[in-house]
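Student: Below are the structure tokens for one structure; questions will follow.
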Amino acid sequence: MVINDIQFITHLNYQIQAQIDALKEEPLDIKDVQEINLRRCVFEDFKQAMEYVRDHNPDYNFSDFTIEAVKPAPADFSEEKKYDFIELIEYAKHTAITIGNMALFSELQKIASAAEQFNNTIAEPHEKKTTIKSFQDYDTYTIKRQPLTFEELGSCVIGEGNFEPVKITATFHESSTDTKPIIAIRAFSLVNNNYLDNRDIIDLDSIYKPNASLMEAFAYMSYTDHKNNKFNHSFDKLLISGSYEIESIDDMYSLHYDLRTFDYSMRKN
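Numbering (the working numbering), first residue to last: 151 to 419.
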């Protein structure tokens, strides 16, 4: 009787394992992913691309949770819609820094590196096809003006007491357009007389206004002042109000401001 029970259990375990093995997905082939364009694809395609890189390179040991973390807020995201996931990765990294989750930031760095490897070694080139027009047709087109990346939109100096004074400056990023403003922020050490390594790139449309970091608020207010032919007006006003004590550049990420308050005050004016 005992032997029969053992045989039954062994056979049952074998059947269960066989079912599990049958349900396992076939490993992705390069042909399944090489046509994916990470700058314009749905989330499922992005996920498959990252899984392919992870399966073929043990250095990229990020989890499925990290892949999911690239998604923005649910209200702004649809899995059926195509997105630029290179931008979303950068935005997710910036958000991780803003909320102080450095463990997540480290994992997202792996995702960014995997995406770069995918684009460089796996994906087929995705070039835009251009229709060549004759010279007489050019009068019917408006030549796009490049953003003036050297023009300061706003600047301020932060640093008190024992902290190193740093000047932060907002300009248009190279990819900025009239309909999609993107701001670049550089920090300059007034002690060492050199630029700090990191540059913030802030897509103003992606800011979560109810809880914007002060760095995001600085970018947003500098752009708004620029549109209203002002300079260093709104953010300076916020600093002078005494609502915040900014001792170092780290405070620009750790302190937050509700930009809806600013929008409301602008509408009243």
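Using N, Cα and C, we set each Cβ at its ideal position, and we do this for glycine too.
(1) I want to check one thing, is the minimum distance from the CB of Gln267 to the heavy atoms of the ligand MG below 7 angstroms?
(2) Apart from the five residues just before and just after Met402, which ones in its own chain have a Cβ nearer than 8 angstroms to its Cβ?
(3) Classify Tyr373 as buried or exposed, calling it buried when 16 or more other Cβ atoms lie within 10 Å of its own Cβ.
(4) Can you tell me which of His406, Met200, Asn344 and Ala242 puts its alpha carbon nearest to the alpha carbon of Thr271?
(5) Taking 8 angstroms as the limit between beta carbons, can you name the residues of its chain near Phe285, skipping five residues before and five after?
(6) Quick check on the burial criterion: 16 or more other C-beta atoms within 10 angstroms. Buried or exposed for Ile335?
(7) Helix or strand or just coil, what does DSSP make of Lys197?
(8) Whole angstroms is fine: what's the gap from Ser258's alpha carbon to Asn378's?
(9) With a CB to CB cut of under 7 angstroms and the five nearest residues on each side skipped, what residues in its chain are close to Lys380?
(10) How is Tyr394 classed by DSSP in three states: helix, strand or coil?
(11) Just to confirm, is the Cβ distance from Ile217 to Ala273 under 8 angstroms?
(12) Which same chain residues end up closer than 6 angstroms to Ile351 when comparing Cβ atoms and leaving out the 5 residues on each side of it in sequence?
(13) Give every residue of the same chain whose Cβ lies closer than 6 angstroms to the Cβ of Val192, excluding the five residues on either side of it in the sequence, and list them in chain order.
(14) Between Ala253, Ser228, Met371 and Lys359, which has its C-alpha nearest Glu302's C-alpha?
(15) Taking 8 angstroms as the threshold (C-beta atoms), are Leu346 and Pro315 in contact?
(16) Have a look at Lys418 and Phe215 and give me their C-alpha separation to the nearest angstrom.
(17) Kindly list the residues whose CB is nearer than 7 angstroms to the CB of Thr290, restricted to its own chain and excluding five residues on each side of it in sequence; keep chain order.
(18) Within 10 Å of its beta-carbon, does Arg204 have 16 or more other beta-carbons around it, so buried, or fewer, so exposed?
(19) Mapping DSSP to helix, strand and coil, what is Ala362?
(20) So, are the CB atoms of Phe235 and Ile247 less than 8 angstroms apart?
(21) What residue range is occupied by the uninterrupted beta strand (DSSP E) comprising Thr321?
(22) Sort Cys306, Phe313 and Leu354 by Cα distance to Asp328 and report the nearest one.
(23) Judging by CA-CA distance, which residue of Phe385, Ile390 and Gly250 is the nearest neighbour of Phe412?
(24) Can you tell me whether Ala181 is buried or exposed? The criterion is at least 16 other CB atoms within 10 Å of its CB, across all chains shown.
(25) Taking its Cβ as the centre, do 16 or more other Cβ atoms sit within 10 Å of Lys243, making it buried, or is it exposed?
Tutor: The answer reads as follows:
(1) In the structure shown, the ligand MG is absent, as is every other ligand, since no ligand is present at all.
(2) Ile308, Ile318, Ser363, Leu364, Met365, Phe368 and Ile396
(3) buried
(4) Met200
(5) Only weak support is given to the placement of Phe285: the predicted model assigns it a pLDDT of 44, under 50, and the value that follows is read from those uncertain coordinates. If we look at Phe285 and ignore the five residues flanking it on each side, it has no Cβ neighbours.
(6) Classified as buried, Ile335 has 16 or more neighbouring CB atoms from the shown chains inside 10 Å of its CB.
(7) helix
(8) Reading the sequence as shown, one finds Leu at residue 258 and not Ser. Looking at the two C-alpha atoms, the distance is approximately 37 angstroms.
(9) none
(10) coil
(11) It is not a contact, given that the beta carbons lie outside the stated cut-off.
(12) His323 and Ala334
(13) Lys232
(14) Met371
(15) no
(16) 43 angstroms
(17) Bear in mind that the predicted position of Thr290 carries a pLDDT of just 49, short of 50, making it unreliable; the figure below should be weighed with that in mind. Hits under 7 angstroms: none found.
(18) buried
(19) strand
(20) no
(21) Segment Val316 to Phe322, the beta strand (DSSP E) holding Thr321.
(22) Leu354
(23) Ranking the options by Cα distance to Phe412, first place goes to Phe385.
(24) Residue 181 is actually Lys in this sequence, not Ala. Exposed, because fewer than 16 other Cβ atoms sit within 10 Å of the Cβ of Lys181.
(25) buried
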